[in-house]
Structures are given as structure tokens and as C-alpha cells.
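Notes follow once the structure below has been shown.
Numbering (our numbering), first residue to last: 750 to 832.
Below is the structure:
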């Protein structure tokens, strides 16, 4: 993940927001090459039936890496639906 210095973020804040919004790529902002805050795209629709953290994970791209993983289970493997 890219870490942008706070001084650089102040200069290019609008560009950073557009990058996050249109590419759905989270950006960390911090000092001394250490992230202090995370800027993520705000969800267009949030599921009111789940917690805010679940919505954050779904829309924040936390699990996007799973898109490249093979499907190991099918819908028939589910024993009890939770949501």
C-alpha cells in the first residue's frame, strides 16, 4: 500500500481523493514512511443488517485479494446461513 507523507497529502489532497474514489485503492497518509491514517472509498450502499466493520471490510477492499483465489467450497457446503 502506498504511504503518502502528510506534507505531500496537503499539496495534492484533491488528487488523492480522486484516486481513492475512482480506482478504489486505499491510501495511507503518515509521517516518516509510517502510515497513520487510511483513506478508503466511502461505500455507495451499506448493508443495515450487518455491523459497520462488516460494511467497511466489504467496501474497503480488505478482502479483494480473495478474488484471485480459487473457489474451494460451493453453496452446498453451507450448513447454516448467518446473514
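Ideal Cβ positions, reconstructed from N, Cα and C, are used throughout, including at glycine.
With DSSP as the reference, identify every bridge partner of residue i, one or two as the case may be.
i           : result
residue 766 : None; residue 766 has no bridge partner.
residue 787 : 777
residue 752 : 777
For residue i, tell me which candidate among the options has the shortest Cα-Cα distance.
i           : options            : result
residue 759 : 774, 751, 771, 779 : 779
residue 751 : 818, 782, 771, 767 : 782
residue 792 : 799, 804, 812      : 804
residue 774 : 800, 811, 755      : 811
Exposed or buried, residue i, counting other C-beta atoms within 10 Å across all chains shown (16 or more means buried)?
i           : result
residue 776 : buried
residue 753 : buried
Just the Cα atoms here: how many angstroms apart are residue i and residue j?
i           : j           : result
residue 789 : residue 825 : 34 Å
residue 770 : residue 829 : 36 Å
residue 831 : residue 807 : 16 Å
residue 772 : residue 786 : 18 Å
residue 822 : residue 816 : 14 Å
residue 784 : residue 795 : 26 Å
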